[in-house]
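Asks:
Numbering (my numbering), first residue to last: -1 to 187.
Structure follows, in structure tokens:
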């Protein structure tokens, strides 16, 4: 199978799909299938892997999210980490610029935990998000600071109740984060 250059993505399309996925995640008690489909679409458009690989990755992502999200206060870190490692290994194995997939998986779970339990961590959500994408794209975290900053702001909006959640602001921040990431990874590898 041909490898994909993961630095080449339509950031506007990916941001729209990411927004849709997070809205489904926010409502996942009512929209589990929608969440899986949104994750599948996001992975397919961001990474451009074949359908079978994309399907496997969506399953890994969904399993990791399920064992983490559904057990607040009693998260199964081991199972979440195992599925995230499979997810990032699949990305690394199928892209033109392989990366340390174990580190990327560790950083992914770290930002999930920082988002849920910020008081437990010294590192900010912004920094953790930047480090996670830096690991995936083999760049310095300084390069991905804009991504981390805008994505952290967007993710903080998710905790607002339905009356104060601003989907437009959320979408704008995710678009800015993906645009920043796209700019930061061009011509790096």
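Don't be surprised by glycine CBs; every beta carbon is placed ideally from N, CA and C.
Does residue 182 come out as helix, strand or coil in the three-state DSSP assignment?
Replies: Position 184 of the chain shown, counting from 1, holds the residue named residue 182. Correct three-state label for residue 182: helix.
Asks: Measuring CB to CB, does residue 153 end up less than 8 Å from residue 123?
Replies: Translated into the one-based positions of the chain shown, residue 153 becomes position 155. Translated into the one-based positions of the chain shown, residue 123 becomes position 125. Result yes, Cβ atoms of residue 153 and residue 123 sit closer than 8 Å.
Asks: Need the endpoints of the alpha helix (DSSP H) that residue 100 sits in, please.
Replies: As a first step, residue 100 is located in the chain shown; it is residue number 102 there, counting from the start. Where residue 100 is concerned, the enclosing alpha helix (DSSP H) stretches over 99 to 114.
Asks: Taking the alpha carbon of residue 80 as the point to measure from, which residue in 104, 171 and 94 has its own alpha carbon closest?
Replies: Within the chain shown, the letter at position 82 stands for residue 80. If we check each option's Cα against that of residue 80, 104 comes out closest.
Asks: Can you say whether residue 49 is buried or exposed, counting buried as having 16 or more other CB atoms within 10 angstroms of its CB?
Replies: The count along the chain shown starts at 1 and reaches residue 49 at position 51. Residue 49 should be labelled exposed.
Asks: Since I believe residue 176 is in contact with residue 9 (beta carbons under 8 Å), could you give me their beta-carbon distance rounded to a whole number of angstroms?
Replies: In the chain shown, counting from the first residue as 1, residue 9 sits at position 11. In the chain shown, counting from the first residue as 1, residue 176 sits at position 178. Confirmed, Cβ separation roughly 4 Å.
Asks: Quick one: what does DSSP say residue 122 is sitting in, helix, strand or coil?
Replies: Within the chain shown, residue 122 is the residue found at index 124, counting from 1. DSSP places residue 122 in coil when its eight states are reduced to three.
Asks: Any idea if residue 149 is buried or exposed, counting beta-carbon neighbours within 10 angstroms, 16 or more meaning buried?
Replies: Counted from its first residue, the chain shown places residue 149 at position 151. The residue in question, residue 149, is buried, as its Cβ has 16 or more Cβ neighbours within 10 Å.
Asks: Rounded to a whole number of angstroms, what is the C-alpha to C-alpha distance between residue 15 and residue 40?
Replies: Against the chain shown, residue 15 aligns to sequence position 17. Against the chain shown, residue 40 aligns to sequence position 42. In a straight line, the C-alpha of residue 15 is about 5 Å away from that of residue 40.
Asks: Under a Cβ-count criterion, where at least 16 other Cβ atoms within 10 Å of its own Cβ denotes burial, should residue 190 be classed as buried or exposed?
Replies: Beyond the ends of the chain as shown, which are -1 and 187, falls residue 190; an answer cannot be given.
Asks: Three-state secondary structure (DSSP) at residue 2?
Replies: Numbered from 1 along the chain shown, position 4 holds the residue referred to as residue 2. Reduced to three states, the DSSP call for residue 2 is strand.
Asks: Just checking my contact of residue 169 with residue 144 at CB under 8 Å: how many whole Å lie between their CB atoms?
Replies: Here residue 169 is taken as the residue at index 171 of the chain shown, counted from 1. Here residue 144 is taken as the residue at index 146 of the chain shown, counted from 1. No, residue 169 and residue 144 are not in contact; Cβ-Cβ is about 17 Å, not under 8 Å.
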